[in-house]
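Chemist: One structure follows; several queries about it will come next.
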């Protein structure tokens, strides 16, 4: 039997001189119109703080007052109180033993809620604790995933498939108003779970014995395995219909897109299908249009670096490249630059594949290779549209590179991306793609290379003492004494899903071409170009930029080590670019 208050809450608070009779009467009168509980009404009226109320309840009921924000609560314990009841009663199971379940509540004086929870927990006994309501609401959002719901509906869909070996296509091809089909509900749960977990991608991968649904969260994949592999065809079919693809074509890859609204988030979904051994694999990139565009400061770019970038983008002509591997945030940075340049006095045209965010006043062109509308063709037309600023989604071939460079020389400011791993090799890559050395030297002004590293969870991050080996490694990379830093590491909690990380931040290096670099570029000398770049006082390599986030406790040594290993592995191949001379016919 759980402890209960011997008197009504309001009378107890008056008796203990925490509130006055007048405050209680005013709160009771207000409660009649708002329908809120008395405790919440007193808090919102300013009669007492939430901490005062919770401390009082904990003392009166002889139960613990918990800070659940830093607890790593296992998913398995959530089965005791389903999400609907958890939100209704503001109650969360925290831990269990052989006989009881510890449940945290924001209002442990709610007798009706207590009775209903005790029924849910049978045959186990209820152990009660009190916790702040805000922490409970955050925990509901972070913990109650759709995993069990997805598994249940997958099983139901598999049973329907077993009963009738062919799905009714008329059901699957109905408009979005037909929400009763199991496959639609299953997809809805998959999308809701992905949005809740802040996933950037969803992978649906049929195997021989299982269907894998994977989510990329903060750059890392998390996997859910379903044994109902036969349902994959129904999922793929429905997704193809949503994206307007050919449902009869299963032998060739297809690309499409569609828009959905999930949990008040407007999401643009870019879909790609590919035939694999046991069906078709689907990858969906989720672009949350509700989140809006990030400014340069919000990407993690330091203020001095932001000012350097702004100085360059105010120029009337020249080329700016943003470079990095897939998923490093290049497009986010470009859109951040475009949002600053987007004024009534500037005509901006973008050539993209695909258009990720639609921005008012900017003329955005979607590339369509099927009809010959590729980057080079659109770019030629773009130059005749009297633009001030041109953004090319990606420099993919020699023709696109040369048109972009010539545009930068003829009075236009050109922005684009390149898939390379650092700023120095980006300039050399343009030569390697066949661009004339004099064009690159004359038009290219600045290169921004970037990566994303995971941030230490704001909720469970703790001070971390480096080992002797870690201190030596940090010193060798940064050239600084580790004693200058405040190092942190997440221990895992419900906010970060037990990973110790939540969110990502950009790490940048900026290479501003000076006369020495331009001279080396004109003669096609990669070694001289690299030496001139490293000699530039304003050039700070990616690895050292990442160290700033490590020393300030924003990321971990593991994340920086992963970035450094990646960059150094690529930079070790710089000498191989010496064959550019032969490619260019120089020397």
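Numbering (UniProt numbering), first residue to last: 1 to 587. Here a beta-carbon is modelled for each residue, glycine too, at the ideal position from N, C-alpha and C.
1) Looking only at its chain, what residues have a beta carbon closer than 8 Å to the beta carbon of residue 538, apart from the 5 residues adjacent to it on each side?
2) Straight-line CA distance for residue 474 to residue 489?
3) Would you call the segment 382-396 in contact with the segment 285-298, where contact means no fewer than 3 C-beta pairs closer than 8 Å?
4) Can you tell me whether DSSP reads residue 80 as helix, strand or coil?
5) Helix, strand or coil for residue 390, going by three-state DSSP, please let me know.
6) Considering only their Cβ atoms, is the gap separating residue 13 from residue 24 smaller than 9 Å?
7) Look at the alpha carbon of residue 516 and the alpha carbon of residue 267, and state the distance between them as a whole number of angstroms.
8) Once the 5 residues before and after residue 208 are set aside, which same chain residues still bring their CB inside 7 Å of it?
9) Residue ranges of each alpha helix (DSSP H) run of no fewer than 4 residues wholly in the segment 454-493, ordered along the chain?
10) Evaluate residue 10 with the Cβ neighbour count: other Cβ atoms within 10 Å of its Cβ, from every protein chain shown; 16 or more gives buried, anything less gives exposed.
11) Give me the DSSP bridge partner(s) of residue 510.
12) Have a look at residue 367 and residue 110 and give me their C-alpha separation to the nearest angstrom.
13) Restricting to Cα atoms, I'd like to know which of 39, 299, 259 and 80 is closest to residue 270.
14) Buried or exposed: where does residue 345 fall if 16 or more other Cβ atoms within 10 Å of its Cβ makes it buried?
15) Looking at the strands, I want to know which residues DSSP matches up with residue 266.
16) Rounded to the nearest angstrom, what separates residue 33 and residue 41 at their Cα positions?
17) Sorted by chain position, which residues of the same chain lie with C-beta nearer than 6 Å to residue 410's C-beta, five sequence neighbours on each side aside?
18) For the segment 42-126, which segments carrying the beta strand (DSSP E) assignment without a break, of at least 3 residues, lie completely within its bounds, in sequence order?
19) Report the CB separation of residue 446 from residue 320 in whole angstroms; it is logged as a contact under 8 Å.
20) Determine whether the beta carbon atoms of residue 322 and residue 448 lie at a separation below 9 Å.
21) Check whether the Cβ atoms of residue 391 and residue 424 lie closer than 9 Å to each other.
22) Given a cut-off of 9 Å on the beta-carbon distance, is the pair residue 555 and residue 453 in contact?
23) Exposed or buried, residue 228, counting other C-beta atoms within 10 Å across all chains shown (16 or more means buried)?
24) Rounded to whole angstroms, what's the CA-CA distance from residue 461 to residue 69? Just pull it up for me.
25) Do you know offhand how far residue 242's Cα is from residue 256's?
26) With C-beta atoms as the reference, is residue 77 less than 9 Å away from residue 129?
27) Contact check, residue 55 vs residue 147 under 8 Å by CB: the rounded distance?
28) Whole angstroms are fine: how far does the CA of residue 357 sit from the CA of residue 250?
29) For the segment 492-499 against the segment 517-526, are there 3 or more C-beta pairs whose distance is under 8 Å?
30) With a threshold of 7 Å on Cβ separation, who are the neighbours of residue 451 within its own chain once the five nearest residues in sequence on each side are excluded?
31) How would you call residue 67, buried or exposed, if buried means at least 16 neighbouring beta carbons within 10 angstroms?
32) Since residue 107 contacts residue 185 with CB under 8 Å, what's their CB separation in whole angstroms?
33) Is the Cβ-Cβ distance between residue 88 and residue 133 less than 9 Å?
34) Taking only the alpha-carbon atoms, compute the straight-line gap between residue 286 and residue 200 and give it to the nearest angstrom.
35) Which residues does DSSP list as the beta-bridge partners of residue 428?
36) Do residue 456 and residue 300 have their CB atoms nearer than 9 Å?
Modeler: From the atom records:
1) 308, 510 and 512
2) 15 Å
3) no
4) Three-state result, residue 80: helix.
5) Correct three-state label for residue 390: strand.
6) yes
7) C-alpha separation (whole angstroms): 46 Å.
8) 278
9) 468-478
10) buried
11) 448
12) 60 Å
13) The closest CA to that of residue 270, considering only 39, 299, 259 and 80, is found on 259.
14) exposed
15) 261
16) Straight through space, the alpha carbons of residue 41 and residue 33 are spaced by roughly 11 Å.
17) none
18) 91-96 and 100-105
19) 5 Å
20) yes
21) no
22) yes
23) buried
24) Taking the straight line joining both Cα atoms gives about 12 Å.
25) 9 Å
26) Contact: no.
27) That belief does not hold up - the Cβ atoms of residue 55 and residue 147 are roughly 36 Å apart, past 8 Å.
28) In this structure, the alpha-carbon of residue 250 lies about 30 Å from that of residue 357.
29) Contact between the segment 492-499 and the segment 517-526 is absent, because fewer than three Cβ pairs lie under 8 Å.
30) So the list reads 324, 328, 507, 542 and 563, once near-sequence residues are dropped.
31) By the neighbour-count definition (other C-beta atoms within 10 Å, threshold 16), residue 67 is an exposed residue.
32) That pair is no contact at about 33 Å.
33) Note that the C-beta distance between residue 88 and residue 133 is not below 9 Å.
34) 5 Å
35) DSSP output for residue 428 lists no bridge partner at all.
36) Inclusion of residue 456 and residue 300 in the CB contact set at 9 Å is not warranted, their separation being larger than that value.
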